[in-house]
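I have placed the structure first, in the form of structure tokens, so that the comments after it can refer back to it.
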Amino acid sequence: MRSRRSATSLVSQSSLLHLLALLPLVLLLWDVAWGNLSANPYQDLLKRTGSDAMILLLLSLAATPVFIITGFKEARKMRKVLGLYAFLYTAIHVFVYVGLDYAWDWGLIGNEILTKPAPKAGAAAFIILLLLTITSTKGWQKRLKKNWIRLHKWVYVAGVLIMLHFIWVQKSDITRPLLWTALLLLLLSVRIPVIRRWFSQRRSRRITARQRISP
Ligand code: HEM
332 MRSRRSATSL
342 VSQSSLLHLL
352 ALLPLVLLLW
362 DVAWGNLSAN
372 PYQDLLKRTG
382 SDAMILLLLS
392 LAATPVFIIT
402 GFKEARKMRK
412 VLGLYAFLYT
422 AIHVFVYVGL
432 DYAWDWGLIG
442 NEILTKPAPK
452 AGAAAFIILL
462 LLTITSTKGW
472 QKRLKKNWIR
482 LHKWVYVAGV
492 LIMLHFIWVQ
502 KSDITRPLLW
512 TALLLLLLSV
522 RIPVIRRWFS
532 QRRSRRITAR
542 QRISP
């Protein structure tokens, strides 16, 4: 009975996750369809899809710290789904830039990427996320063995490149990207062995204390 209830709650948790991850896309399509974008629609689309991609990637990176701190096992199961949605929004973001804003003018796009730091950092992050998405299947995990873990650690590099990209695309005030960068560094710091151990020990102590109160 209990296992059936937990399976049902897992299904509803995962449906909720898909709904929440798709919501920004639905709202974006709604605004496109009803002409609710500003006089510079490509910039609107770039800003919205860029922010959505970054937030989903940070949520995916938050899964392990949430597990380390709280012991909430489902968080780790959400990591892959969130990462894949982050790539979906990244792909739309890059499509808006390449296909809509630059009308597939590869000469101009290449020149932008080679000469300006913001598109360069964005393109590097995009290549990393593309590789991680392609190799996210069980088949690739088996094929690459230990190298799979090594490869997927590049998500941290992608995170840093995205923050640089975010800082460099700003025309003036960089408060917002700096706040997101601080959050990324906080999430990554929980993975440092000594900090990770401290949180795990605190969690074990909490569980032992709880067991003593209600044996
Ligand atoms: C080829 C790769 C990429 C290109 C050419 C590119 C291009 C751009 C451009 C032109 C903007 C500026 C929009 C504006 O304010 O006028 C922008 C903003 C942004 N991009 Fe990218 N991008 C790329 C990859 C990425 C990736 C991989 C991510 C994250 C996963 C990302 C996240 C963002 C964010 C967070 C913003 C700022 C949004 C805001 O101001 O709220 N970009 N991008």
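My numbering puts the last residue of the sequence shown at 546; the count rises by one with no breaks.
Glycine residues also receive a C-beta, built at the ideal position from the N, C-alpha and C atoms.
Computed from a predicted structure; not experimentally measured.
Given this structure, state the Cα-to-Cα distance separating residue i from residue j, to the nearest angstrom.
{"i": "Asp-375", "j": "Gly-381", "result": "10 Å"}
{"i": "Leu-348", "j": "Phe-418", "result": "15 Å"}
{"i": "Val-491", "j": "Gly-414", "result": "15 Å"}
{"i": "Met-385", "j": "Ile-493", "result": "7 Å"}
{"i": "Asp-504", "j": "Arg-527", "result": "34 Å"}
{"i": "Gly-470", "j": "Arg-410", "result": "18 Å"}
{"i": "Lys-477", "j": "Lys-484", "result": "11 Å"}
{"i": "Ser-545", "j": "Pro-396", "result": "27 Å"}
{"i": "Arg-407", "j": "Thr-421", "result": "22 Å"}
{"i": "Gln-472", "j": "Thr-464", "result": "12 Å"}
{"i": "Pro-450", "j": "Arg-481", "result": "26 Å"}
{"i": "Leu-495", "j": "Ala-452", "result": "7 Å"}
{"i": "Leu-359", "j": "Arg-533", "result": "42 Å"}
Cβ of residue i versus every heavy atom of the ligand HEM: is any distance shorter than 6 Å?
{"i": "Leu-413", "result": "no"}
{"i": "Gly-430", "result": "no"}
{"i": "Pro-355", "result": "no"}
{"i": "Phe-398", "result": "no"}
{"i": "Ser-382", "result": "yes"}
{"i": "Met-385", "result": "yes"}
{"i": "Gln-472", "result": "no"}
{"i": "Pro-448", "result": "no"}
{"i": "His-483", "result": "no"}
Mapping the DSSP letters down to three states, classify residue i as helix, strand or coil.
{"i": "Trp-471", "result": "helix"}
{"i": "Ala-384", "result": "helix"}
{"i": "Trp-365", "result": "coil"}
{"i": "Ala-370", "result": "coil"}
{"i": "Ser-535", "result": "helix"}
{"i": "Ser-545", "result": "coil"}
If I measure Cβ to Cβ from residue i and keep anything under 6 Å in the same chain, skipping five residues before and after, which residues do I get?
{"i": "Ile-400", "result": "Phe-530"}
{"i": "Ala-393", "result": "Leu-518"}
{"i": "Pro-355", "result": "Asp-383"}
Any beta carbon from chain C within less than 7 Å of residue i's own beta carbon?
{"i": "Pro-450", "result": "As a matter of chain content, chain C is missing from the structure shown, which is built from one protein chain."}
Keeping to the same chain, check which residues put their C-beta closer than 7 Å to that of residue i; ignore five residues upstream and five downstream.
{"i": "Leu-387", "result": "Ala-352, Leu-413, Tyr-416, Ala-417 and Tyr-420"}
*Counting only runs that start and end within the stretch 389-457, where is the beta strand (DSSP E) found for 3 or more residues in a row?*
none
*Along the chain, which unbroken stretches of the alpha helix (DSSP H) at least 4 residues long are found entirely within the stretch 459-532?*
469-475, 477-483, 485-500 and 506-520
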